[in-house]
Structure formats: C-alpha cells, structure tokens
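Scroll down for the structure; my scribbles are underneath it.
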Amino acid sequence: MKNIVRSIALIICCMIVMTSCTPAKQGGQTQEKNEDKIRIGMSFDSFIIERWQRDRDVFVSTAKEYGAEVNVQNASGDVEEQKKQIEYLIAKEMDVIVIICADSEKLKDSVEKAKDAGIRVIAYDRLLMDTDAILYYATFDNKMVGTIIANEIIDQADLNEVRKAGDYRTIEFFMGSPDDNNAYMFYTGLMEVLRPYMDDGTLVCKSGKFTFNETAIIRWSEEMAAEKCPRLLETHYKDEDLDICASVFDGFAYGCKTALEDAGYTERNWPIITGQDADLKACKNILEGVQTSSVYKDTRVLAEKCVTMVNAVCNGSTPEINDIEQYNNRVITVPSYLCTPVIINADNIQEIIIDSGYYTEEELMGE
Ligand code: BGC
Numbered sequence: 002m003k004n005i006v007r008s009i010a011l012i013i014c015c016m017i018v019m020t021s022c023t024p025a026k027q028g029g030q031t032q033e034k035n036e037d038k039i040r041i042g043m044s045f046d047s048f049i050i051e052r053w054q055r056d057r058d059v060f061v062s063t064a065k066e067y068g069a070e071v072n073v074q075n076a077s078g079d080v081e082e083q084k085k086q087i088e089y090l091i092a093k094e095m096d097v098i099v100i101i102c103a104d105s106e107k108l109k110d111s112v113e114k115a116k117d118a119g120i121r122v123i124a125y126d127r128l129l130m131d132t133d134a135i136l137y138y139a140t141f142d143n144k145m146v147g148t149i150i151a152n153e154i155i156d157q158a159d160l161n162e163v164r165k166a167g168d169y170r171t172i173e174f175f176m177g178s179p180d181d182n183n184a185y186m187f188y189t190g191l192m193e194v195l196r197p198y199m200d201d202g203t204l205v206c207k208s209g210k211f212t213f214n215e216t217a218i219i220r221w222s223e224e225m226a227a228e229k230c231p232r233l234l235e236t237h238y239k240d241e242d243l244d245i246c247a248s249v250f251d252g253f254a255y256g257c258k259t260a261l262e263d264a265g266y267t268e269r270n271w272p273i274i275t276g277q278d279a280d281l282k283a284c285k286n287i288l289e290g291v292q293t294s295s296v297y298k299d300t301r302v303l304a305e306k307c308v309t310m311v312n313a314v315c316n317g318s319t320p321e322i323n324d325i326e327q328y329n330n331r332v333i334t335v336p337s338y339l340c341t342p343v344i345i346n347a348d349n350i351q352e353i354i355i356d357s358g359y360y361t362e363e364e365l366m367g368e
C-alpha cells in the first residue's frame, strides 16, 4: 500500500514539474521557447532620479549574465505613458514584465492585461496596489528604511541625553510621494521611533505639521522640497534654529541644504539632514559634512534578487522569498523579497561605499 501511495505521489510530483516547466508565456508556445533567451520587459517610472539609472544599468548587466535580455522603457514620470509602454511590452510578448511604477494605484488595468496575456508581472522596488496580477515583489525593507533614519536622528542629535537634560531639539519633516506606497512605509517606520520623543517634548516640530499628508512631497520633487524649506525657516525659525531636517530622499536633502545656506546657516548651527539612496552627490555632501546621512540600498543585490526571481518564474520553480506578511495591496499579500537597507554617514562611508566598490574613491573625490 505504502509503495502505491509513494508511486502516486511521485507521478503527481512529475506532473507538477512538467507543468511548471512549460514556457514562461502560455498560448501557442512550444517547449523550444525554454531554450530561448528569457525576454524581460522593464518599465521605469523615470530616469530623472539618479537612483533609477543605477538600477537600470545593474539590472540589465545582471540579466545579461543570466542569459536574459531586457527591453527597457522609460515613462518619464508620466503614468499614461507608462500604461502605453506596458501595453507595448505585452504586444512584444515579453516573458516577464518588471515594473517600477510611477503611481502605485494607477496601473491596475495595465498589469491585468499582462496577466490575461499570460505574462508574469513582478513589482520592483514599489508595490502595485489593488490587483492580484502581480506574482512577486522585489524591494528593500521599506519600513526599516524609516526606522534606521529615525535611529540615526536619535544618535546624531544625542536625543536620549537631550531628553535627560530636559532640553529639546527642533525638527521638520520631508516625506515621500503620496502616490508611492513606499512613502507610507518610510513614514510609519520613522514615526514609530520618533513619536515618543515628540510626545514628551524632546522633539519639537514648530510648524506643527508632521502627519503623512502634511509632510508628503508629491512625485519626490526636489524643487518642491527646495521651496518648502525656506518657507518653514521664514515662518517658524526666525528666533530659533532648525536642528533636524528629517528627509527620506537625497533630493529633498539637497533642497534643504540650499535653503539653509541661503538662510545663513553655517558650520556652527548646521542641522542634521538625512536622506535616502546614497546618490553620488549625497555621498560627496556627507564627506563634506553638509549632509548627515543617507540610506544605502545596494542596487546590485536587488537586481540579482529580481533577476533570479524572473528566472525561477520562467523555469516554473519558486523564487526565494523572505516576507509573506507586510505587503498587502488590498487584494492579495504579495510574496516579497526584502533586501536590507543600511545607514551611511561620515563614520562608515569609507567601508560601506568605497571598500565595497559601490563608488570609487575617484568618483567620490571628483568634481
Ligand atoms: C524608492 C526610493 C527613492 C524614491 C524616489 C522610492 O520608491 O524606494 O529609494 O528614493 O522612490 O525615487
């Protein structure tokens, strides 16, 4: 009896393996397709932001190493354009479409068309909401990004000592774009840590604006951050310095830096300024002492994880996943791989950025 059960189990296993090994794309394709190169369509929000250029380069070269080819599309921040480009990639019969969405909530119909065409969709870095058409999500631990920025603020401002002394520090917030699901996660992680310091008066936000909606900057606009910071300084910090710019993006940090210089801040009263992405310019600013920290997201690791995900999907195996809880998009909880973000500052930039070869010393020291 045991043997019969074992044989049946074996036959079922073989059937599963055989079905999962059918080509990535269904519908009239032959087994030969499996020997072909995997064709990945990659749809980017925009390349205006430095980070996405790095992601593109490293993803394309990693995919090449795995024998896949990538058709890169750039929506230049335009959601309608991104929809068209996804439809183009569907028409081109990609095996998998990887999407860095310009708007987490507006691509539902496009990705559902891909699903209907038998094309697998993977969300890259940013989650796509309100659809079951995404198979997997490859990203960084977004809540952890907020947590490590908040912990950096506590350390750099020595907030526990400030609290013991009954003193306080002033703080203003520059949060991410409300059309990007990541931005909510950054805010949640950050506030979970900083809230107790605000509640007991160790942190004082003189503008009184610290909810997500009050501090979110649409489309991650560096220009809007550059306009917001002088307004805050002018209205709330005439008699007292601003001590902390809690920013979740290097672009916002640049805007704050310019505004602070214009307002006459110097080394003597220069505030803590945080950022995210470890852009080349941000790293230079950290070395110069005009930006306190950034969040290093090793795009090489993310690209590798995502390309192996694509490979697994095309070969019918299960990719490595390390989170099945956090990313519910209101329809499904998307199985995710979360890479680990790391804080960089003047103390560890040499080890983390230069020694790891992320940027060379020449790049960092150059103009
Ligand atoms: C990414 C960040 C990036 C921001 C602006 C977010 O979705 O996770 O790394 O700084 O978009 O492009």
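Note that the working numbering has the sequence shown beginning at 2, numbered continuously upward.
Every residue gets a Cβ at the ideal spot worked out from N, C-alpha and C, and that includes glycine.
Taken in chain order, the unbroken stretches of beta strand (DSSP E) that lie wholly in the region 284-365 and span 3 residues or more are 294-297, 337-340 and 343-346. Pairing Ile123 with Cys307 gives a Cβ-Cβ distance under 8 Å.
Selection Glu326, Thr319, Ser295 and Glu81 evaluated against Gly147 yields Ser295 as nearest (Cα-Cα). DSSP links Ala247 through a beta bridge to Phe174. For Phe174, the distance from the CB to the nearest heavy atom of the ligand BGC is not below 7 Å. Rounded to the nearest angstrom, the Cβ distance from Tyr67 to Asn312 is 6 Å, consistent with a contact under 8 Å. Straight-line spacing of the CA atoms in Gly276 and Asp37 works out to 42 Å.
Ser208 has its alpha-carbon roughly 6 Å from the corresponding atom of His237.
Between the region 324-340 and the region 158-174 there are fewer than three C-beta pairs closer than 8 Å, too few to call the two in contact. Using a cutoff of 7 Å, the CB of Asn75 does not count as near the ligand BGC, since none of the ligand's heavy atoms is closer than that. Within 7 Å of the C-beta of Gln277 there is at least one heavy atom belonging to the ligand BGC.
Distances from the alpha-carbon of Ile120 to those of Ile100, Asp142 and Asn329 put Ile100 closest. Taking one beta carbon from each stretch, the region 128-146 and the region 253-271 have fewer than 3 pairs nearer than 8 Å; the two do not touch. In this structure, Asn286 has its CB at a distance of at least 7 Å from all heavy atoms of the ligand BGC.
Its Cα nearest to that of Phe211, the residue Phe174 stands out among Phe174, Thr300, Ile154 and Phe60.
For Asp110, the closest alpha carbon among the candidates Thr132, Tyr89, Leu128 and Tyr125 is that of Thr132. Around the CB of Ile219, fewer than 16 other CB atoms lie within 10 Å, so the residue is classed as exposed.
It is roughly 10 Å from the alpha-carbon of Phe187 to the alpha-carbon of Ser248.
Where Asn270 is concerned, there is no enclosing alpha helix (DSSP H), because DSSP gives it neither an H nor an E.
For the ligand BGC, a non-hydrogen atom lies closer than 7 Å to the CB of Asp126.
Spanning the alpha carbons of Gly190 and Asn183 requires a straight line of approximately 11 Å. Around the beta carbon of Arg269, fewer than 16 other beta carbons lie within 10 angstroms, which makes this residue exposed. Within the model, the alpha-carbon separation for Ser77 versus Met199 is close to 38 Å. Per DSSP, Gln86 is one residue of the alpha helix (DSSP H) stretching across Val80 to Ala92. Close CB contacts of Asp180 within its chain, under the 8 Å cut and outside five residues either way in sequence, are with Ala103, Asp104, Ser105, Glu106, Lys107, Ile219 and Arg220 (chain order). Sixteen is the threshold: when 16 or more other Cβ atoms of the shown chains lie within 10 Å of the Cβ of Met43, as they do, the residue is buried. Inter-segment contact for the region 280-290 and the region 357-366 is present: three or more beta-carbon pairs are separated by less than 8 Å. Excluding the 5 residues flanking it on each side, Cys206 has same chain C-beta neighbours closer than 8 Å at Thr171, Ile172, Glu173, Phe174 and Met199, in chain order. Checking the DSSP bridge columns, you'll see Gln157 has no partner listed. For Gly177, the number of other beta carbons within 10 angstroms of its own is at least 16, and it is reported as buried. Membership of Gly190 in the alpha helix (DSSP H) is indicated by the continuous run Asn182 to Asp200. Distance from Pro342 to Tyr137 at the Cβ level is roughly 19 Å; contact not present, criterion being Cβ atoms closer than 8 Å.
In the DSSP assignment, Phe141 falls outside any alpha helix (DSSP H) and within the unbroken beta strand (DSSP E) covering Tyr137 to Phe141.
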